[in-house]
Amino acid sequence: DQQVKQNSPSLSVQEGRISILNCDYTNSMFDYFLWYKKYPAEGPTFLISISSIKDKNEDGRFTVFLNKSAKHLSLHIVPSQPGDSAVYFCAASVPTGTASKLTFGTGTRLQVTL
Amino acid sequence: DAGVIQSPRHEVTEMGQEVTLRCKPISGHDYLFWYRQTMMRGLELLIYFNNNVPIDDSGMPEDRFSAKMPNASFSTLKIQPSEPRDSAVYFCASSYRVDYGYTFGSGTRLTVV
Chain D
1 DQQVKQNSPS LSVQEGRISI LNCDYTNSMF DYFLWYKKYP AEGPTFLISI SSIKDKNEDG
61 RFTVFLNKSA KHLSLHIVPS QPGDSAVYFC AASVPTGTAS KLTFGTGTRL QVTL
Chain P
115 DAGVIQSPRH EVTEMGQEVT LRCKPISGHD YLFWYRQTMM RGLELLIYFN NNVPIDDSGM
175 PEDRFSAKMP NASFSTLKIQ PSEPRDSAVY FCASSYRVDY GYTFGSGTRL TVV
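First to last, the protein sequences are chains D and P.
Going left to right, the first sequence walks through residues 1 to 114 as the numbering used here numbers them.
Going left to right, the second sequence walks through residues 115 to 227 as the numbering used here numbers them.
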């Protein structure tokens, strides 16, 4: 059972435009969400995170939005750059202390075109 | 710190052979995770260790898979016998927390023919 879902396997966006990557989750116990970025032949690297007590977190060109009622989060990249072309994974965890771990989605491949 | 180090980077083996993947975590990280990346399931957790002790191996697909962590600086993931459906990229990650701060290695691309 996939508790974290990324329904779009790929996305193509022109350079300078906004990229929006979506993620849905089913476990209402998740309280911390992260986005990881993965380049070919490399491991995923942490990009940005958000706690369930917030609905928005911004870091430069990257903003993550959380809609708890819809169990949905999204990553906005503005403006998109060719170097943003990568696979993006969203991940979620339940509260610390429950011996849990990160649950990852299936990933979305972003292609930023010139 | 050199980060999480995995070896080999690529492995091609014949069906039925034993395969061993290796991982050196970041010094001081108490948690070590083994993930498998596939198109269908994304990053799938196989097993994780805390202080060298296996905590959750519910993601290990079947008895052909085994993992060990004999000390804080080394872990192995073994597949015996290997099958073509095991072909995937296997990642090792380490962290100081179970739910945050994961650092991934570069992965091992396994091809079973």
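Glycine included, every Cβ here is placed at the ideal spot set by N, Cα and C.
Nothing here was measured: the structure is a model prediction, and the numbers come from that model.
Taking the straight line between their C-alpha atoms, what separation do you get for residue i and residue j?
| i | j | result |
| --- | --- | --- |
| A86 of chain D | Y39 of chain D | 5 Å |
| E58 of chain D | V64 of chain D | 6 Å |
| A91 of chain D | V112 of chain D | 22 Å |
| K54 of chain D | T225 of chain P | 43 Å |
| G142 of chain P | N185 of chain P | 12 Å |
| D102 of chain P | I161 of chain P | Residue 102 of chain P falls outside the range modelled here, since chain P spans only 115 to 227, and no answer is possible. |
| Y145 of chain P | N166 of chain P | 8 Å |
| E42 of chain D | G221 of chain P | 7 Å |
| G173 of chain P | C137 of chain P | 18 Å |
| D177 of chain P | F30 of chain D | 30 Å |
| V94 of chain D | Q2 of chain D | 15 Å |
| G215 of chain P | S209 of chain P | 6 Å |
| L21 of chain D | V4 of chain D | 13 Å |
| P44 of chain D | P79 of chain D | 22 Å |
| R123 of chain P | S180 of chain P | 19 Å |
| P82 of chain D | L114 of chain D | 7 Å |
| G105 of chain D | D24 of chain D | 9 Å |
| R17 of chain D | L73 of chain D | 20 Å |
Starting from residue i, trace the beta strand (DSSP E) in both directions and tell me its first and last residue.
| i | result |
| --- | --- |
| Y204 of chain P | 202-209 |
| M183 of chain P | 179-185 |
| D59 of chain D | 56-59 |
| E158 of chain P | 156-164 |
| S52 of chain D | Note, S52 of chain D: premise wrong, no beta strand (DSSP E); not H, not E. |
| N67 of chain D | 62-67 |
| P195 of chain P | No beta strand (DSSP E) contains P195 of chain P, which DSSP labels as neither H nor E. |
| T225 of chain P | 222-226 |
| K71 of chain D | Looking at the DSSP string, K71 of chain D is not in any beta strand (DSSP E), and its letter there is neither H nor E. |
| P44 of chain D | Careful: P44 of chain D lies outside any beta strand (DSSP E) and carries neither H nor E. |
| V118 of chain P | Here V118 of chain P belongs to no beta strand (DSSP E), and DSSP marks it neither H nor E. |
| K37 of chain D | 32-38 |
| Y25 of chain D | 19-25 |
Compare the beta carbon distance of residue i and residue j with 8 Å and say whether it is the shorter of the two.
| i | j | result |
| --- | --- | --- |
| Y32 of chain D | S52 of chain D | yes |
| S196 of chain P | Q151 of chain P | no |
| S121 of chain P | F163 of chain P | no |
| L135 of chain P | F147 of chain P | no |
| S12 of chain D | T108 of chain D | no |
| F89 of chain D | G156 of chain P | yes |
List the whole-angstrom C-beta distance separating residue i from residue j, where the pair is believed to meet the contact cut-off of C-beta under 8 Å.
| i | j | result |
| --- | --- | --- |
| G219 of chain P | A207 of chain P | 7 Å |
| P198 of chain P | M129 of chain P | 6 Å |
Which residue spans inside the segment 123-149 of chain P form an unbroken alpha helix (DSSP H) run of at least 4? Segments of the alpha helix (DSSP H) lying fully in the segment 123-149 of chain P: there are none.
For the segment 73-98 of chain D, which segments carrying the beta strand (DSSP E) assignment without a break, of at least 3 residues, lie completely within its bounds, in sequence order? Within the segment 73-98 of chain D, the complete beta strand (DSSP E) runs of at least 3 residues are 86-93.
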